[in-house]
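Written out below as structure tokens is the structure these notes cover.
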Amino acid sequence: MLEERVKGRKVLVVGIGGGGDVASAFCVYRWLRAIGAQPYLASIIWERMVRDPVPGPISPKELVGTELGKWIGIVRGGEYALREGKKVEPQASLLAKAAGIEVIVLDLKSGYKGMLNGLKEALELTEAEIVIGVDAGGDVLAKPGDEEVWSPLADSVGLAALKEFENSILSIAGPGCDGELPTQKVLERIAEVWRRGGNEGGFIISRSLASECEKAMSFMHTEASKMVIEAAKGVYGEVKIRRGSRTLFLSPVLASIFHLDASKVESELAEAVRGTESVEEASTKLLERCSTSEYELEKELKTLGGWSKENLEEAKRRVLMKRKCS
340 MLEERVKGRK
350 VLVVGIGGGG
360 DVASAFCVYR
370 WLRAIGAQPY
380 LASIIWERMV
390 RDPVPGPISP
400 KELVGTELGK
410 WIGIVRGGEY
420 ALREGKKVEP
430 QASLLAKAAG
440 IEVIVLDLKS
450 GYKGMLNGLK
460 EALELTEAEI
470 VIGVDAGGDV
480 LAKPGDEEVW
490 SPLADSVGLA
500 ALKEFENSIL
510 SIAGPGCDGE
520 LPTQKVLERI
530 AEVWRRGGNE
540 GGFIISRSLA
550 SECEKAMSFM
560 HTEASKMVIE
570 AAKGVYGEVK
580 IRRGSRTLFL
590 SPVLASIFHL
600 DASKVESELA
610 EAVRGTESVE
620 EASTKLLERC
630 STSEYELEKE
640 LKTLGGWSKE
650 NLEEAKRRVL
660 MKRKCS
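The C-terminal position of the sequence shown is numbered 665 in the working numbering, with every residue numbered one higher than the one before it.
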């Protein structure tokens, strides 16, 4: 069980999906602290278009006020990037300020190469022995052709890099909480990993942990991770997120965190992006596997003039036409 392995040891916890996944990673970070581990927190930087007008992730080198390494940066609150003249403070920086902690930020802009080298540098810096990648929702378990999934790129690159490390765990926070891959399908994919011997346990977010996470999230702009907290507070039933463009069903299941042995997670999409050196290359590799890409979606939305429900539907139609499906 993971609890026994992490006690007294240094652990790197990484939000591997969109920028808001660092909020769910923070809940795992706090849980680790409570059971006697010494956790450190890290995240990629990719803000949604409602906050960032430029498609794609933000490199640590673009952040003003960041302490930089070769592949990583360290944020403590107040850091920002200028994106077409707009000041964008990433979720990792907002969380660092709210929680009074340091967050290591990783370079997804350089694709798999940037993510892998960033994790290596972060592990060396923290002297962590175990790395845990956290995905809110479970889209990291997506397969080619999953029509509901629109943001598999960051997850796939993160998983591909995570699998390079011997002591690596993939944690799914709130199956289906992002309104993409349905809860039932995420649970089916988790069961597949379990059948391959990948069950490393998990936990339910308690009332006290939910309160602590909610306090930090109140300073952030994230919907999926907040759905996990709503579920932990007992909210039950259908809700809409992303300005009404996605629907999910809240239940106690969404207050769950599932820990999986990353080496037992089989992913065609993660294999597709392995070795890529840019987000553009990774996006192309996903399209070649009959998958979508949040980078392509953002580019189309940009061309259409920005986010609106109508533009989103048209952007989705255009991205689907780019896929190479046999």
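Cβ coordinates follow ideal geometry from the N, Cα and C atoms, glycine included.
Cβ pair residue i, residue j closer than 8 Å
| i | j | result |
| --- | --- | --- |
| S630 | L608 | yes |
| V496 | G450 | yes |
| S510 | I471 | yes |
| F597 | G515 | no |
| A364 | L445 | no |
| L589 | I580 | no |
| V442 | L434 | yes |
| A594 | I529 | no |
| P429 | G412 | no |
| L548 | C664 | no |
| E539 | L341 | yes |
| A362 | M559 | yes |
| R628 | P483 | yes |
| K655 | L626 | no |
Whole-Å CB distance - residue i paired with residue j, under 8 Å assumed
| i | j | result |
| --- | --- | --- |
| K452 | G395 | K452 to G395, Cβ: 16 Å. No contact. |
| A611 | K624 | 4 Å |
| A493 | W385 | 6 Å |
| S507 | E633 | About 23 Å; that fails the 8 Å criterion. |
| D360 | D474 | 6 Å |
| E503 | L455 | 6 Å |
| E468 | R369 | The Cβ separation is near 19 Å, so there is no contact. |
| S622 | E635 | 6 Å |
| G404 | K436 | G404 to K436, Cβ: 12 Å. No contact. |
Residue closest to residue i, alpha-carbon to alpha-carbon, out of the options
| i | options | result |
| --- | --- | --- |
| A563 | D446, E619 and G356 | G356 |
| R676 | D600, G404, R628 and L589 | Nothing can be reported for residue 676: it is not among the residues displayed for the chain, which extend from 340 to 665. |
| K565 | F597, E418, E343 and G513 | G513 |
| K641 | I384, R657 and K502 | R657 |
| S606 | I543, G477 and G644 | G477 |
| E423 | G576, A438 and D391 | D391 |
| V389 | G358, K482 and V367 | G358 |
| L480 | F558, K436, A555 and E527 | E527 |
| R387 | R415, E620, S665 and T561 | T561 |
| L498 | K524, M556 and G614 | G614 |
| V592 | A438, Y575 and G583 | Y575 |
| G457 | L501, G439 and P483 | L501 |
| S545 | G537, M556, K572 and A555 | K572 |
| T465 | E418, G408, A420 and L421 | G408 |
| S647 | M556, E616 and R582 | R582 |
| V678 | S550, A555 and I440 | Not covered by the structure: residue 678. The range shown for the chain is 340 to 665. |
| A570 | R585, E553 and S557 | E553 |
| S550 | G536, V567 and G537 | V567 |
| I383 | L643, G537 and V618 | V618 |
Residue i (DSSP reduced to helix, strand or coil)
| i | result |
| --- | --- |
| R656 | helix |
| S547 | helix |
| I374 | coil |
| T465 | helix |
| K683 | Residue 683 lies beyond the range of the chain shown here (340 to 665); nothing can be said about it. |
| I383 | coil |
| V488 | coil |
| A481 | coil |
| G450 | helix |
| G497 | helix |
| G457 | helix |
| D474 | strand |
| S564 | helix |
| E605 | coil |
| I529 | helix |
| K641 | helix |
| T405 | coil |
| T522 | helix |
| V367 | helix |
| R585 | strand |
| E553 | helix |
| Y575 | coil |
| E539 | strand |
| K663 | coil |
| S622 | helix |
| R348 | coil |
| R422 | strand |
| V361 | helix |
| V427 | strand |
| V442 | strand |
Check: residue i C-beta below 7 Å from any heavy atom of the ligand COA
| i | result |
| --- | --- |
| L464 | Among the components of this structure there are no ligands whatsoever, and the ligand COA is therefore not found. |
Q. Using 8 Å as the Cβ pair cut-off and three pairs as the minimum, do the segment 640–651 and the segment 362–375 touch?
A. no
Next item on the list: Report yes or no: do three or more beta-carbon pairs, one from the segment 458–465 and one from the segment 346–362, lie closer than 8 Å?
Entry: yes
Would the segment 520–534 count as touching the segment 391–406 if we require 3 or more Cβ pairs under 8 Å?
no
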